[in-house]
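In our numbering, the protein residues as written are -10 to 555. Positions of the beta carbon are idealized from the N, C-alpha and C atoms, including for glycine.
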C-alpha cells in the first residue's frame, strides 16, 4: 500500500440519508485525479458478516480536490451494515469502513446505519419541488401595500410564479420592518389582517402559495417586552427575554445588551433559550398560519438562534400542517440546519456566489463552476437540495444585472451584460431546487446593494426590458412543463474550459434532458457523445431546432447562447 488513499464518509447526513421508504443514499468522497472503481458491500445489520452484497457506485463528478461517488441501497429491514471497496487502474485496492482504510476487509470494519425512521424518509412539502418563487419587498412593490400586491397576483401568475415570499409586513417603525414592534399586527403602512387574508386567498385562487418573513432572532426596541425592560430594568418581568449585561439598560452611547449584528441598539437580540420567549414566538408563528392561511415561513438570521428552538418550532408547526415550507436565512453553508429536524431548505447564497463568478464577473471558468456546484450540492441531502431557494439576488444584495455590467471579460462587457444574465437565468431555471426571482429582475431592474437594490418596481412598459421578461416566462413555462426539470437529478455532462462552454444533464428514471450554455462571445460548434439512445432526433425546446441523435451528436450554439435538448 505505497499509494496514499484519501476517503471521507460518515454514516450520517449528508453522507448517508434516506431518500424513500427503506431506501438509503450513500456518498463517498475520494481523492481527485484518479480513475477509481468504487463499490459498496451491504447487508442487514443482523446478517452474518460475509453475507454483504456488492452495489457499484456512480461517479457524480469532481468537486476539485475530491470526487463524489453515490449509491442507492434498498433495505427492506430499514437498517444497514456496509463498507466500501475502492480499486485503482493497476488493480490496487483498499477497504474503507468505520475503522478507517485498510488492505484487510475485517480490519477496515463496517459502517452502520442503524435504522431508517419513517418520518425521515420524505420531509419537504409535496408542492415544493415544482415551485417557482418570487420575492417581494412590500414597500417597493405595487402601491407599497398588501392590496397593491394582491392586484398584481394575475401578473405573477402570468409570469409563472407559484410561490410569493414577502419580507416582513409586521408593525415596525422602519421601512424594512426587520425591527418588529408588534408581532401580532400588520404594519398600517401595508394594511391590516383583512388585507393579508384577502391577499392570501387571492393568491391561492391563482395557484400561488404565500410565505411570510419572521424575525425571531431579535425584536425592535419598540417591542413591548423591551420597552418594559428599558423602563423597569432588573424589576422587569421580561428581563430574561433578552441578553442584558447590566442595569440600568441603556442604548447610548453604546447598548449594554446583545443586539443583531454590531451594536444595533434598535434591534435587541431575543433570548429564545428562555421558555417564555420561545412560547411567545411559536404562538406568533402559529397565529399567522391559522388566521391568514399562509403556506410557510422564511426565518431571518436563522443561524444565530438556538437550534433547539428551531427543532421545537418545526415539530409544532408541522404537526398542524405538514405542508408548511420552512426556509432558513443562512448566508453560508447551512448543512447543520437542513438535516430534517429544523428547516426544509435555505436561501442558497453559495449558489449565488458561484453564479456571480461564472456569469457576472466571468472570473472563473466552467470547470471550477461545475466543481463548486457539486461541492455545494454534496453538503446537503436530496430533500434539502430540492427545497433550497436558488436565488441570484435579494433585498440584501446588488442586482444581478448590475453585477453583470460591473464585471465580465472584454472591453464591451456592459454590452454583453443582459446576455450573460439571460444565461444565468437559464441555468437558474434548469437547476435543482426552487428558483427564486427577486422582484424586478425579470424586467431588467438595476441597483447596487441596500438600499439601491430596493428601489420601487418598474411597471411602465417603456422602461422595462420586455425581452428579458419574455425569457423568464418562457423558461418558467418549460420548467413547469417537464417534470425532469422539477424533480430530476443534476449531473455534469462536459466542460470546455478554453471556450467557456459547459453542459449538464437533468435526469430521472424515465427521461434525460441535455442543457448546454455558451458563456462566451464566440459561436460554438461541438461534437458530443450520445446521451440518450431512445430518440433518433433531439429537439431544442428553446428554438424548435432539431438535431440528429447519432453517435456523433453535432450541435452549434450562438454567442452567449444555450440549448435545451429533449
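Inset, instruction - Please name the residue in -6, 169, 237, 339 whose C-alpha comes closest to that of residue 386. - result: Of -6, 169, 237, 339, the residue nearest in Cα terms is 339.
Inset, instruction - Excluding the 5 residues preceding and the 5 following residue 316 in the sequence, name in chain order all residues of the same chain whose CB lies nearer than 8 Å to its CB. - result: Around residue 316: 154, 200, 285, 286, 287, 288, 332, 333, 334, 335, 336, 376, 378.
Inset, instruction - Determine the burial state of residue 414: buried for a count of at least 16 other Cβ atoms within 10 Å of its Cβ, exposed for fewer. - result: Flag for residue 414 reads buried.
Inset, instruction - Would you please verify whether the beta carbon of residue 74 is less than 8 Å from any beta carbon of chain D? - result: No chain D appears in the structure shown, which is made up of a single protein chain.
Legend entry - beta strand (DSSP E) runs wholly inside the region 368 to 403, at least 3 long, in chain order: With a minimum length of 3 residues, the continuous beta strand (DSSP E) runs that stay inside the region 368 to 403 are 378 to 380.
Inset, instruction - Evaluate residue 84 with the Cβ neighbour count: other Cβ atoms within 10 Å of its Cβ, from every protein chain shown; 16 or more gives buried, anything less gives exposed. - result: Here residue 84 is buried: its Cβ has 16 or more other Cβ atoms, across all protein chains shown, within 10 Å.
Legend entry - Distance, residue 423 Cα to residue 244 Cα: Here the alpha carbon of residue 244 sits roughly 40 Å from the alpha carbon of residue 423.
Inset, instruction - With DSSP as the reference, label residue 276 as helix, strand or coil. - result: In the three-state reduction of the DSSP assignment, residue 276 falls in the helix class.
Inset, instruction - Output yes or no for whether 8 Å exceeds the beta carbon distance between residue 505 and residue 473. - result: In this structure, the beta-carbon distance from residue 505 to residue 473 does not fall below 8 Å.
Inset, instruction - Indicate whether the contact test is met: 3 or more Cβ pairs, each with one atom in the region 141 to 158 and one in the region 171 to 188, closer than 8 Å. - result: The answer is yes - the region 171 to 188 touches the region 141 to 158, with three or more Cβ pairs under 8 Å.
Legend entry - Short Cβ contact (8 Å threshold) for residue 531 with residue 518: Taking 8 Å as the cut-off, the Cβ atoms of residue 531 and residue 518 do not count as close.
Inset, instruction - Specify the secondary structure class of residue 134 as computed by DSSP and reduced to three states. - result: The answer is coil: DSSP assigns residue 134 none of H, G, I, E or B.
Inset, instruction - Take residue 525 and list the residues in its own chain whose beta-carbon comes closer than 6 Å to its own, dropping the five residues that flank it on each side. - result: If we look at residue 525 and ignore the five residues flanking it on each side, its Cβ neighbours are 538.
Legend entry - Beta-carbon spacing of residue 457, residue 480 below 8 Å: Contact: no.
Inset, instruction - Compute the Euclidean distance between the alpha carbons of residue 264 and residue 228, then round it to the nearest angstrom. - result: If you take the alpha carbons of residue 264 and residue 228, they lie about 13 Å apart.
Legend entry - Spatially closest choice to residue 34 from 251, 101, 533, 461, by CA coordinates: The option with the nearest alpha carbon to residue 34 is 101.
Legend entry - Beta-carbon separation (whole angstroms), residue 17 vs residue 73, contact threshold 8 Å: Going by Cβ atoms, the distance from residue 17 to residue 73 rounds to 6 Å, so yes, they are a contact pair.
Legend entry - Cβ neighbours of residue 351 in the same chain (closer than 6 Å, five flanking residues each side left out): Counting only Cβ-Cβ distances below 6 Å, and skipping sequence neighbours, we find 397, 398.
Legend entry - Environment of residue -10 [buried if 16+ CB atoms lie within 10 Å]: Note that residue -10 scores 45 on pLDDT, short of 50, meaning its location in the model is unreliable; the coordinates nonetheless yield the value given after this. So residue -10 counts as exposed.
Legend entry - Assigned secondary structure, residue 321 (DSSP; H/G/I helix, E/B strand, else coil): Secondary structure at residue 321: coil, using DSSP grouped into helix, strand and coil.
Inset, instruction - Kindly indicate which residue of 487, 246, 475, 509 has the alpha-carbon position closest to the one of residue 502. - result: That would be 475, whose Cα lies nearest to the Cα of residue 502.
Legend entry - Terminal residues of the alpha helix (DSSP H) in which residue 114 lies: Per DSSP, residue 114 belongs to no alpha helix (DSSP H) and is neither H nor E.
Inset, instruction - Could you check the C-alpha separation between residue 204 and residue 438 for me, to the nearest Å? - result: Distance from the CA atom of residue 204 to the CA atom of residue 438, rounded to whole angstroms, is 21 Å.
Inset, instruction - Kindly list the residues whose CB is nearer than 6 Å to the CB of residue 477, restricted to its own chain and excluding five residues on each side of it in sequence; keep chain order. - result: Apart from the 5 residues on each side of it in sequence, residue 477 sits with its Cβ closer than 6 Å to the Cβ of 495, 496, 497 in its chain, given in chain order.
Legend entry - residue 342 to residue 461 span [Cα, whole Å]: Each residue's Cα considered, the two are about 21 Å apart.
Inset, instruction - Within the region 463 to 517, note down every full beta strand (DSSP E) run reaching 3 residues or more, in order along the chain. - result: Listed in chain order, the complete beta strand (DSSP E) runs (minimum 3 residues) inside the region 463 to 517 are 478 to 485, 490 to 496, 501 to 507, 513 to 517.
Inset, instruction - For residue 246, count neighbouring C-beta atoms within 10 Å of its own C-beta (all shown protein chains included) and say buried if the count is 16 or more, exposed if not. - result: Counting other Cβ atoms within 10 Å of its Cβ, residue 246 reaches 16 or more and is therefore classed as buried.
Legend entry - Segments of 3+ residues assigned as beta strand (DSSP E) that fall wholly inside the region 150 to 234: For the beta strand (DSSP E) assignment, the uninterrupted runs of no fewer than 3 residues enclosed by the region 150 to 234 are, from N- to C-terminal side, 152 to 155, 171 to 175, 198 to 203.
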